[in-house]
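One line per chain: the protein sequences are A and B, in this order.
The first sequence begins at 7 in this note's numbering and counts up by one.
The second sequence begins at 7 in this note's numbering and counts up by one.
2 protein chains.
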Amino acid sequence: MADLDIKAFVFDVFGTVVDWRGSIGREGAAFTKRLGGRVKGLDGVDWTAFAVAWRRKYQPAMQKVRDGERPFTILDVLHRENLLETLSEFGVEGLSDAEIDDLNHVWRRLSPWPDSVEGLTMLKSKYIIATQSNGNIALMVNMAKFGGLPWDVILGAEVVGHYKPDPRAYQNACAALDLRPDQVVMSAAHNGDLQAAARQGLRTAFVPRPNEHGPGQTTDLAAEDDYTFVADNFVDLARQVGV
Amino acid sequence: MADLDIKAFVFDVFGTVVDWRGSIGREGAAFTKRLGGRVKGLDGVDWTAFAVAWRRKYQPAMQKVRDGERPFTILDVLHRENLLETLSEFGVEGLSDAEIDDLNHVWRRLSPWPDSVEGLTMLKSKYIIATQSNGNIALMVNMAKFGGLPWDVILGAEVVGHYKPDPRAYQNACAALDLRPDQVVMSAAHNGDLQAAARQGLRTAFVPRPNEHGPGQTTDLAAEDDYTFVADNFVDLARQVGV
């Protein structure tokens, strides 16, 4: 720490700050309870499997943007397209547009991991804390209101205009904050995200989320590179930087 | 209130939330005290007059962007260009680049009006609160850290890509929040800003700041149109919407 000049922590959100798999599992079960009798196929849905199938379409959808096959499109829209495909795969038919929107907005109602709010609040007392997520502004701000995430600023994907791990996503986030990359710590539970940020000169913090993908998770269980910080959780990270 | 479906309050910041004239007057005096002996012309500066002269160049600088004479340029940069001109007009010579940057960043250290933090915090308990300022993200986030402004999201001018009162500034802010204009309340001490927002379908809240321009202020002393809300200050505004 002694020779570092850190001003901001920026955070991956899905999986790192919030539990998408558990949240969608719970929200989906409530959705079935509310509409199950009326909508074909809904009663039989395994919502944890549904969450995983939906999330599996996330990277390919963004890849089309990264490859220039389609213009920059916000994640709320990509999520909705992927949702329609996933509903079809699971044999669910007959939801109204409003019901589909409501289900799509489950991403705005993901629950934080137990240490997230406390750790972020601690870090906020001394540093700028910001999202560095592929989620769009409306998604991120509603999620923050839902879960009490105390962001100083939401660097929604529209702000940076590119999807991670595109180098411009990290570069543009630092530029928006008027900080040098070495004054910014990218914080994530995903080695690939941190390695991409490090290549742009950002500092890095690995915080493992060994249950993001449920029991039997095999990826991102440990730091696979020489990061600036490796912490057990966000509270531990805050303590490591003296708050 | 009964028939309104308000989800967010967006705020003009310079003059409405923070006191630029008083803050620059105080910061400038401290600047003179620190550097006066060494820098030509600094001892004689009337910093309140300096603040007014600097601020007078604000609208013309943005107008060149609005008119398409130059590409969108963030306010930190426009402020710095205007500062160099103002320093020259006041006969100040010999500041280093770092000292000029420090003085330019006085806009990141403007003090909130006495009711701002309390009123914003009350509104935040029930609504999304966001900046709808011509200030850029770095300026706004540093000002928020300095003054304790509890924004949910900073819709920095880079997010909307246009300077108020360009209609696209208001339209793009609502779009970023995924809200209809009639779900968003533009809140400002300036009639022109509110009238421009109302033309785009936003709700409006007038909060007078009769000392923004000092004693003898003649403009924006009262609501000049039929706004959704007219409040004495932000705490009054929060009470009017039931928080």
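We treat Cβ as the ideally placed atom computed from N, Cα and C, and that holds for glycine.
If you drop the 5 nearest sequence neighbours on each side, which residues of the same chain put their C-beta closer than 6 Å to that of B:Val159?
Hits under 6 Å: Ala136.
Considering only the alpha carbon of each residue, which of A:Ala237, A:Val51, A:Asp108, A:Val236 lies closest to A:Glu95?
Comparing Cα positions, the closest option is A:Val51.
Please report the distance separating the alpha-carbon of A:Val23 from that of A:Leu116.
Taking the straight line joining both Cα atoms gives about 9 Å.
So for A:Tyr122, helix, strand or coil by DSSP?
One detail in the question is off: residue 122 of chain A reads as Ser in this sequence, not Tyr. If DSSP states are grouped into helix, strand and coil, A:Ser122 belongs with the helices.
Using beta carbons (cut-off 8 Å, strictly below), is A:Glu164 in contact with chain B?
It does: the Cβ of A:Glu164 has a partner Cβ on chain B nearer than 8 Å.
Would you identify the three-state DSSP class for A:Ser193, choosing helix, strand or coil?
It is a strand residue.
Roughly how many whole angstroms lie between the Cα atoms of B:Leu48 and B:Arg32?
So the alpha carbons of these two residues sit roughly 14 Å apart.
For the stretch 180-191 of chain A, which residues have a beta carbon sitting closer than 7 Å to at least one beta carbon of chain B?
Those would be Ala182, Leu183, Asp184, in chain order.
Within 10 angstroms of its Cβ, does A:Leu227 collect 16 or more other Cβ (buried), or is it exposed?
A:Leu227 should be labelled exposed.
Going by DSSP, which residues form a beta bridge with B:Ile106?
Answer is none; B:Ile106 lacks a bridge partner.
Chain A beta carbons: is any one of them nearer than 8 Å to that of B:Ile143?
Judged by the 8 Å Cβ criterion, B:Ile143 is in contact with chain A.
Could you give the distance in angstroms between the alpha-carbon of B:Leu10 and the alpha-carbon of B:Ala55?
Answer to the nearest angstrom: the Cα atoms are 43 Å apart.
B:Asp20 by DSSP, collapsed to three states: which one?
It should be noted that the sequence gives Phe, not Asp, for residue 20 of chain B. B:Phe20: strand per DSSP, three-state reduction.
Measuring alpha carbon to alpha carbon, tell me which residue in A:Leu126, A:Val112, A:Asn178, A:Ala203 is nearest A:Val241.
When each option's Cα is compared against that of A:Val241, the closest is A:Leu126.
Cβ of B:Leu93 within 8 Å of Cβ of B:Leu101?
Closer than 8 Å, so yes.
Could you give the distance in angstroms between the alpha-carbon of B:Gly162 and the alpha-carbon of B:Ile143?
The alpha-carbon atoms of B:Gly162 and B:Ile143 are separated by roughly 5 Å.
Relative to the alpha-carbon of B:Val16, which residue among B:Gln69, B:Arg209, B:Val249, B:Asp232 has its alpha-carbon at the smallest distance?
Of B:Gln69, B:Arg209, B:Val249, B:Asp232, the residue nearest in Cα terms is B:Arg209.
Helix, strand or coil: how does DSSP classify A:Lys46 here?
In the structure shown, A:Lys46 sits in a strand (DSSP, three-state: E or B).
Which first and last residues belong to the alpha helix (DSSP H) in which A:Thr54 is found?
53-62 is the extent of the alpha helix (DSSP H) around A:Thr54.
Is there a Cβ of chain B sitting closer than 8 Å to that of A:Asp158, yes or no?
It does; some Cβ of chain B falls within 8 Å.
Label B:Asp238 either buried or exposed according to how many other C-beta atoms from any shown protein chain fall within 10 Å of its C-beta, with 16 as the threshold for buried.
Answer is exposed; the Cβ neighbour count stays below 16.
Is A:Val213 helix, strand or coil by DSSP?
The answer is coil: DSSP assigns A:Val213 none of H, G, I, E or B.
Taking only beta-carbon positions, decide if A:Val147 is within less than 8 Å of chain B.
So yes, A:Val147 belongs to the interface.
Please tell me whether, using a cut-off of 7 Å, the distance from the CB of B:Phe17 to the nearest non-hydrogen atom of the ligand GDP is below it.
The model on display carries no ligand, and the ligand GDP is accordingly not part of it.
List the residues of chain A that B:Ile134 touches, going by C-beta distances under 7 Å, in chain order.
Val147, Lys151, listed in chain order.
Compare the C-alpha of B:Pro173 against each of B:Ala202, B:Leu155, B:Asn197 and name the closest.
Minimum Cα distance to B:Pro173 is reached at B:Ala202.
Of the residues that make up the stretch 58-90 of chain A, which ones have a beta carbon closer than 8 Å to any beta carbon in chain B?
The residues in question are Asp82.
Buried or exposed: A:Glu230, going by 16 or more other Cβ atoms within 10 Å of its Cβ?
Answer is exposed; the Cβ neighbour count stays below 16.
Where do the ends of the alpha helix (DSSP H) carrying A:Phe36 lie?
At residue 36 of chain A the sequence reads Ala, which differs from the Phe that was named. Counting along the chain, the alpha helix (DSSP H) containing A:Ala36 begins and ends at 26-41.
Of all the options B:Lys130, B:Gln138, B:Glu105, B:Lys132, which has the alpha carbon lying nearest to the alpha carbon of B:Lys170?
For the residues B:Lys130, B:Gln138, B:Glu105, B:Lys132, the minimum Cα distance to B:Lys170 belongs to B:Gln138.
In three-state terms, what does DSSP make of A:Ala136?
Three-state result, A:Ala136: strand.
Which two residues bound the contiguous alpha helix (DSSP H) that contains B:Ser94?
B:Ser94 -> alpha helix (DSSP H) spans 81-95.
So, for A:Glu75: in the same chain, excluding its five sequence neighbours on each side, which residues have a beta-carbon less than 7 Å away from its beta-carbon?
Excluding residues within five positions, none has a Cβ falling inside 7 Å.
Could you name the residues of the same chain whose beta carbon sits closer than 7 Å to that of A:Gly223, not counting the 5 residues immediately before and after it, in chain order?
The sequence given here places Gln at residue 223 of chain A; Gly does not occur at that position. Result list for A:Gln223: Pro216, Asn217, in chain order.
What are the boundary residues of the alpha helix (DSSP H) that includes B:Ala229?
Element bounds for B:Ala229: n/a, residue is neither H nor E.
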